[in-house]
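Each residue of the sequence shown is one higher than the one before, counting from 10 in the working numbering.
Here's the structure, in structure tokens; my notes come after.
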Amino acid sequence: MKPLIIPVPFAVSQYGQSATNTYKRILNNTSASPVMEKFNPSALLLNNCQLLEPIKFDKFIDKQNTMTPFLESAVDMQQNLAKAIQNNLNPKSKTLVLGGDHTISVGTGLGISRLLDMNKVGLIYVDAHGDCNTPDSSQSKCLTGYPVAVNFGLGHKELVEPFNQNYLHKVAYIGVRDIDEGEEKIFTILVPKSLVILMLNYKELLKCFIQQWIIGVIAITSG
10 MKPLIIPVPF AVSQYGQSAT NTYKRILNNT SASPVMEKFN PSALLLNNCQ LLEPIKFDKF
70 IDKQNTMTPF LESAVDMQQN LAKAIQNNLN PKSKTLVLGG DHTISVGTGL GISRLLDMNK
130 VGLIYVDAHG DCNTPDSSQS KCLTGYPVAV NFGLGHKELV EPFNQNYLHK VAYIGVRDID
190 EGEEKIFTIL VPKSLVILML NYKELLKCFI QQWIIGVIAI TSG
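This is the structure we're talking about:
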């Protein structure tokens with residue numbers, strides 16, 4: 010069975026929902042030379058993977074005066090993406106969920122939680138930021154700062170309750186350089202109780218041997 014690509018045209022960046030064609034730019038990227046085209050990552054993906062229909066979701070009017078803009082759209086996207094993962098995830102193959110922005114991981118996590126015990130699942134999060142804020146800790150109130158927290162069972166009940174208490178417990182951060190004060194407090198509370206976190210910032214990544222780094226990530230996320 011070919012690996013699957015699930016496109017999710019969802020983005021809640023400063024550009025709003027007009028920035029929803031990110032996955033198209035990735036898949037339609039072409040090489041400057043016909044000779045190099047066969048080595049183009051986009052071409053390799055399309056030639057070797059099965060591309061599913063993009064996830065659909067209701068696009069609500071952005072209410073900038075609300076606590077979290079685009080929350081209703083995110084809830085709808087989360088449910089529809091979770092269903093797609095439930096229906097298509099195959100343990101004998103690989104699945105790529107392609108956005109969009111990192112908000113879509115609230116749907117990826119929900120879909121996996123309906124199929125697996127999340128105590129046995131690890132998250133490798135490659136980003137400069139922690140994205141583990143909640144509405145109480147976030148200054149921007151932007152959804153892009155919430156996805157890791159939602160997978161841990163924290164944040165808006167509309168996004169958290171569908172997990173039915175089957176939350177993530179292990180994360181390895183790669184390349185992180187900016188953890189908010191509110192996120193630090195969340196980590197301080199959660200780590201002693203149930204959360205396992207490995208953080209490797211960019212400077213540490215340059216200093217350490219890549220083999221040792223990989224061993225550490227695997228130990229944290231799969232143990």
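C-beta atoms are modelled at their ideal positions from N, C-alpha and C, and glycine is treated no differently.
All figures in this text were calculated on a predicted structure; none of them were measured in a lab.
| query | Looking at the unbroken alpha helix (DSSP H) that takes in LYS33, where does it start and where does it end? | reply | 31–36
| query | What span of residues does the beta strand (DSSP E) with ALA181 cover, start to end? | reply | 179–183
| said: Can you tell me whether GLY25 is helix, strand or coil according to DSSP? | reply: Legend: pLDDT at GLY25 = 49, less than 50; position of this residue unreliable, no value from coordinates given.
| field | Identified DSSP bridge partners for LEU105 | value | ILE14
| Does the beta-carbon distance from ILE64 to ALA20 come in below 8 Å? | no
| Nearest-angstrom beta carbon gap, ASP136 and VAL185 [assumed within contact, 8 Å] | 7 Å
| field | Spatial distance of LYS129 from SER231 (CA atoms) | value | Each residue's alpha carbon lies about 7 Å from the other.
| ASP85 by DSSP, collapsed to three states: which one? | Helix, per DSSP.
| query | Do the stretch 186–193 and the stretch 102–122 touch if we need at least three Cβ pairs shorter than 8 Å? | reply | In short, these stretches do not touch, since the Cβ pair count stays below three.
| Local conformation of MET76 per DSSP, three classes | coil
| field | Own chain residues within Cβ distance below 8 Å of ASP67, not counting five before or after | value | GLU81, SER82 and ASP85
| query | Are there 16 or more other CB atoms within 10 angstroms of the CB of LYS103, so buried, or fewer, so exposed? | reply | exposed
| Helix, strand or coil: how does DSSP classify LEU55 here? | helix
| task | Check whether the Cβ atoms of LEU177 and LEU132 lie closer than 8 Å to each other. | result | Contact: yes.
| query | What three-state label does DSSP hand ASP136 in the structure shown? | reply | In this structure, DSSP gives ASP136 a state outside helix and strand, which the three-state scheme calls coil.
| said: What does the alpha-carbon distance come out to for the pair ILE15 and CYS58? | reply: Computed Cα separation, rounded: 10 Å.
| message | So ASP140 and VAL157 are supposed to be a Cβ contact under 8 Å. How far apart are they, rounded? | response | 5 Å
| task | Using DSSP bridges, identify the partner residues of ASP187. | result | HIS138
| query | Just reading off the alpha helix (DSSP H) that ALA20 is part of, what are its end residues? | reply | Unbroken run through ALA20: none, as it is neither H nor E.
| request: Closer than 7 Å by C-beta to GLY191: which residues in its own chain qualify, once you throw out the five before and the five after it? Chain order, please. | output: ASN142, SER146 and SER147
| field | Under the three-state DSSP convention, the category VAL169 falls into | value | VAL169 falls in the helix class under three-state DSSP.
| message | Using 8 Å as the threshold, is the C-beta distance between GLN87 and LEU168 below it? | response | yes
| field | Sequence-distant residues of the same chain with beta carbon closer than 7 Å to MET10, five excluded per side | value | ASN99, LYS101 and SER102
| field | Bounding residues of the alpha helix (DSSP H) (the contiguous stretch that carries LEU119) | value | Its alpha helix (DSSP H) spans residues 114–122.
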